[in-house]
Amino acid sequence: MADPTDYPFVLSGDLPLTARAKPGREDVSGLCAWLQANPIWVQEHLTTHGALLLRGFDVQVAEDFEAIARSVDPELKNEYLGTSPRDGITDYVFSASELPDFYPIPQHCEMSFCADPPRRVFFSCLEAPAPDSGETPLCDFRAVWRDLDPDVRSRFVEGGIRIIRNYSGPGHGEHDDPLRLKRWDEMFLTTDRAEVEAQCAAQGFEVTWLEDDGLRLVSTQPVYRDHPVSGERVWHNHVTTFHLGTAAAEYARIAAFRPSERNRNLQKLAVALEASLREKSALEQSMHCTHLDGREIRDEDMDAVRDAVWRNLVVTPWKRGDVVAIDNHSVSHGRLPYEGPRQVAVCWA
Ligand SMILES: [Fe+2]
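The sequence shown begins at 1 in this note's numbering and counts up one residue at a time.
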């Protein structure tokens, strides 16, 4: 076990566990060498705390970030079946999301709806947003599971989760629906339908080709997963992201957390949009989730989950050069709205 007097950082906090560079120990190569030499320390602390924030190191560019992430987990991946539009910066580092700055990204464990979600997610702040905006909040989904009313948990477990996503096709250059996040060829990086079907089969997504070149994916996922190392039960699903009530519900909480004219107006807009979306059937929604038999999830159950998430939310302002390593088996992430410059990069393993 590493000798604490040799650590290149000083530790504080719980979620995230913050490792602040000691004076004179800010170089990235020294940090990488230390992380590579102490894999057990790194994995144990990540499992216990759920996230490790490395702060004050000399992270200037995406390559510095990638080197640190690789020192925590050498097996970085670059297949992405999530919903955010992302731009590649290196072969393995992407912009965290090209979604518009006003759009709140609710808490989720990365790709939890896939058959084999990533075990680690990393973010790095290459350009910090304005104060009180654009944070990447974290939430311990072990605590969300513990906090939820047992009756709510039972209704989710007994009802199950069915996810519906509708994508437009390569013939559609522009998106006409603000919730239609990507085209299917952007998501699967191919226009070959057979290749799309093969990728979907590997994930257990049911494919329906629609008129007008559209693609509908219907899938199921677990409500919870048990942590592969600690065995703790974790709320591990994407309902808070995919449910059609998400935008209005998030804006209501964001407007209460951070009152502003802009947030109140966005909330009103989202409420109006949700009302019009509810006139369409579940299968026609850009993104939605129901129980397995097609019943809508009760609104009060969705709110109970969101309330449990917000009770356990940790909002840490970004500083330029920050790198956060997240145990994706237990801790979720999201994004608060912002205006102006912000560059946050992501990679995963
Ligand atoms: Fe994400």
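All residues carry an ideal CB built from backbone N, CA and C; glycine is no exception.
Item to complete: Could you check if LEU266 is buried or exposed, using at least 16 other CB atoms within 10 Å of its CB as the buried criterion?
Response: buried
Practice prompt. Pick out whichever of TRP318, GLU250, LEU54 has its Cα sitting closest to the Cα of ALA304.
Written response: GLU250
Discussion item. Less than 8 Å between C-beta atoms, sequence neighbours within five positions excluded: which residues of the same chain meet that for ARG193?
Written reply: TRP209
Worksheet entry | beta strand (DSSP E) segments (min. 3 residues) lying fully within the segment 135-192 | 138-140, 161-167
Discussion item. Is the beta carbon of GLU63 closer than 9 Å to that of LEU76?
Written reply: For LEU76 and GLU63, no; Cβs fall outside 9 Å.
Discussion item. With DSSP as the reference, identify every bridge partner of TRP348, one or two as the case may be.
Written reply: LYS77, VAL121
Discussion item. Just to confirm before moving on: does the CB-CB distance between GLN46 and ILE164 stay below 9 Å?
Written reply: Note that residue 46 is Leu in the sequence shown, not Gln. No, Cβ-Cβ distance for LEU46 and ILE164 is not below 9 Å.
Discussion item. On the DSSP letters alone, give me the boundaries of the alpha helix (DSSP H) that PRO39 sits inside.
Written reply: 39-49
Worksheet item: Three or more C-beta pairs closer than 8 Å, one from the segment 144-156 and one from the segment 293-308: is that the case here?
Response: yes
Practice prompt. Could you tell me whether any non-hydrogen atom of ligand 1 is closer than 8 Å to the CB of GLY134?
Written response: For GLY134, the Cβ stays outside the 8 Å cut-off from all heavy atoms of ligand 1.
Fill in: Inter-residue CB distance, ASP327 and GLY50 (contact presumed, cutoff 8 Å)
5 Å
Item to complete: Since I believe VAL28 is in contact with PHE9 (beta carbons under 8 Å), could you give me their beta-carbon distance rounded to a whole number of angstroms?
Response: The C-beta distance from PHE9 to VAL28 rounds to 13 Å, too long to meet the 8 Å contact threshold.
Worksheet item: Within 8 Å: the Cβ of VAL346 and any heavy atom of ligand 1?
Response: yes
Worksheet entry | Rounded distance between the beta-carbons of LEU11 and ILE137, thought under 8 Å | The displayed chain sequence assigns Pro, not Ile, to residue 137. About 21 Å separates the two Cβ atoms, so there is no contact after all.
Item to complete: Take the Cβ of PRO129 as the centre, count every other Cβ of all protein chains shown within 10 Å, and call the residue buried at 16 or more, exposed below.
Response: buried
Fill in: Inter-residue Cα distance where the pair is VAL223 and GLY294
16 Å
Worksheet entry | Range of the contiguous alpha helix (DSSP H) that encloses THR241 | 239-242
Worksheet item: Residue range of the alpha helix (DSSP H) that PHE65 falls in?
Response: 62-72
Discussion item. Let me check you understand the geometry: is the CB of ILE40 closer than 8 Å to at least one non-hydrogen atom of ligand 1?
Written reply: no
Worksheet item: Going along the chain, which residues of its own chain have a beta-carbon closer than 6 Å to the beta-carbon of ALA205, five neighbours each way excluded?
Response: Strictly speaking, residue 205 in this sequence is Phe, with Ala absent from that position. For PHE205, where only same-chain residues beyond five positions count, the Cβ hits under 6 Å are LEU217, SER219.
Discussion item. Give me the residue from ASP151, VAL344, ALA248 with the minimum Cα distance to ALA271.
Written reply: Note on residue identity: the sequence assigns Val, not Ala, to residue 271. Residue ALA248 is the option with its Cα nearest to VAL271.
Practice prompt. Please indicate yes or no: does the CB of SER330 lie closer than 8 Å to some heavy atom of ligand 1?
Written response: Using a cutoff of 8 Å, the CB of SER330 does not count as near ligand 1, since none of the ligand's heavy atoms is closer than that.
Discussion item. Using only CA atoms, which one of LEU81, VAL72, ALA21, ARG20 lies nearest to CYS32?
Written reply: VAL72
Fill in: Coil, strand or helix - TYR251 by DSSP
helix
Practice prompt. Spatial neighbours of SER230 within its chain, please: CB distance less than 7 Å, with the 5 preceding and 5 following residues excluded, ordered by chain position.
Written response: THR47
Item to complete: Give the secondary structure of PRO106 by DSSP, where H, G and I count as helix, E and B as strand, and everything else as coil.
Response: strand
Discussion item. On the CB-based measure, 16 or more other CB atoms within 10 Å of its CB, does GLY334 come out buried or exposed?
Written reply: buried
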